[in-house]
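See below for the structure under consideration.
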Amino acid sequence: MKLLTSLLQNRKTFIEEIHASVNLKSKILALLLLSVICFGIYGFIIGLSQGFLQGAISIAKLPVLYILTLLICIPAFFIFSSIFGSTKSLWQGLALGLTATCIIGILLIGFAPVTLFILITTENYQFFKVLNVVFFAISGIVGARLFYKSIQTHLETDEPKGLSRIWFLRLWIVLYAFVGSQLGWTLRPFFGNPEQEFVAFQEVRGNFYSNMAKSLGHVLGNDEKKKKDQNRKGDKGID
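Numbering-wise, the sequence shown is residues 8 to 246 according to our numbering.
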């Protein structure tokens with residue numbers, strides 16, 4: 008609870024302590040634990056769209072997605088930041104990354120009541136999936152912005168190396184988003200189509216972006232179909 012309060016209300020102080028290496032290892036462990044709890048809860052909720060078993064699997068899969076994405080990308084962040092003049096340690100970079108990851112998890116918990124409400128009140132799986140991807144995107148953008156700000160405030164932007172590190176930081180965030188989306192596609196399903204049988208993992212084919220375009224088209228297509236059906240019924244009533 009203390010960590011949650013610090014992240015929501017005293018982020019600036021918390022981040023300054025990371026830059027000063029204050030209780031760094033204990034902070035990393037606490038951030039890791041809170042991240043697992045938040046993502047596990049949200050993973051269970053979205054997994055219920057297919058059933059309890061999918062929910063139970065997603066308790067583990069969603070935390071693995073975010074934490075593994077960070078672990079894959081953090082070495083590149085540390086090495087290139089060091090080349091461009093950073094004196095921060097690998098543990099400091101990991102702590103800052105986990106702080107942003109933890110914020111994403113907390114924001115998803117904030118969306119959890121809405122997600123549960125939509126799950127209970129609608130049977131449209133594609134709409135449920137698209138809506139949750141929007142929630143993930145919003146949370147991810149906020150988390151990425153927090154990470155960017157936590158690094159940017161400690162850069163000397165008027166120096167050539169400072170400018171280079173800022174550009175690298177922006178590129179790294181894009182890399183993080185790409186790795187996360189591709190890893191999420193590899194670990195799917197997190198939701199699970201209620202009209203299909205349960206599977207822990209699906210065959211890796213296609214990509215996340217084409218699948219989302221298809222789902223969005225399906226949602227919009229359903230709406231258009233409903234409108235046409237209603238218009239036909241209306242025409243019959245007039246006749």
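The beta carbon of each residue, even a glycine, is placed where N, CA and C say it ideally should be.
query, result
"I need the DSSP call for Thr20, collapsed to helix, strand or coil.", "helix"
"Hey, could you find the ends of the alpha helix (DSSP H) Leu55 is sitting in?", "Counting along the chain, Leu55 falls outside any alpha helix (DSSP H), and DSSP gives it neither H nor E."
"Identify the continuous alpha helix (DSSP H) that holds Pro120 and give its terminal residues.", "Leu97 to Thr128"
"How long is the line joining the alpha carbons of Val226 and Asn131, rounded to whole angstroms?", "8 Å"
"How would you write the range of the alpha helix (DSSP H) that Gly248 sits in, first residue to last?", "Missing from the structure shown is residue 248; the chain here goes from 8 to 246 and no further."
"Between the stretch 119 to 136 and the stretch 48 to 61, can you find at least three pairs of beta-carbon atoms closer than 8 Å?", "yes"
"As a quick exercise: from Thr129, Thr108 and Leu11, pick the residue whose alpha carbon is nearest that of Leu75.", "Thr108"
"In angstroms with no decimal places, state the Cα-to-Cα distance between Ser146 and Phe46.", "12 Å"
"Ala83 and Ile35 - do their beta-carbons sit closer together than 8 Å?", "no"
"Out of Phe85, Ile48, Ile81 and Ile86, which has the shortest C-alpha to C-alpha gap to Lys68?", "Ile48"
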